[in-house]
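Residues in the sequence shown are numbered from 1292 upward in steps of one, following our numbering. Step one of this worksheet: look at the structure below.
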Amino acid sequence: MAKKSAISGEYIITIEDSGSVRVCKIYDNVKGSLREIAELKGFQYDPNWTTHEFGRRIVKEFGDGKMAEVGEYVVTRQSSGKIETYRTYDNTKGALREIAENINFEYDPNYTTRQFGSKLVNYINENK
1292 MAKKSAISGE YIITIEDSGS VRVCKIYDNV KGSLREIAEL KGFQYDPNWT THEFGRRIVK
1352 EFGDGKMAEV GEYVVTRQSS GKIETYRTYD NTKGALREIA ENINFEYDPN YTTRQFGSKL
1412 VNYINENK
């Protein structure tokens, strides 16, 4: 269960009941995220592939045809053929810094991840 959460652009920050912080990015630019995955894995791709074709090939190569987990990335292929991607961050504090910089939130580099996440969620929710 989440204690609190906030959405900022493509990012979702969740503060769990335990106080731990989780950051997820749901990509608007799916093709861009597929390129990131391909480059991470050294997967050769044709820049002219459609998002559907690119996603289908990634899911086939690294998953079961419907879903692939590639490092921090998850790619899903819906029955309609629609491709969706999201990323969960192993380096949560780095993801929080990325979000803070995107929204011009000033933070203390000495914040713990929990402090940083909580303050950032509050800031986002107060400034919607």
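Don't be surprised by glycine CBs; every beta carbon is placed ideally from N, CA and C.
Open item on the list: Are the CB atoms of residue 1383 and residue 1364 within a distance shorter than 8 angstroms?
Closed with: no
Task: Cβ neighbours of residue 1412 in the same chain (closer than 7 angstroms, five flanking residues each side left out) - done: 1295, 1296, 1297, 1304 and 1306
Open item on the list: Let me make sure I understand the geometry here. Which of 1416, 1378, 1353 and 1379 has the alpha-carbon closest to that of residue 1396?
Closed with: 1416
TODO: Determine the direct distance from the alpha carbon of residue 1350 to that of residue 1299, and round the result to whole angstroms.
DONE: 27 angstroms
TODO: Using alpha carbons as the reference points, say which of 1387, 1418 and 1393 lies closest to residue 1403.
DONE: 1387
Open item on the list: Could you give the first and the last residue of the continuous alpha helix (DSSP H) run that contains residue 1379?
Closed with: Taken as a continuous stretch (DSSP letters only), residue 1379 belongs to no alpha helix (DSSP H), being part of the beta strand (DSSP E) at 1374–1379.
Task: Pairwise C-alpha distance: residue 1293 and residue 1313 - done: 10 angstroms
- [ ] Could you check which residue in 1310, 1308 and 1317 has the C-alpha nearest to that of residue 1301?
- [x] 1317
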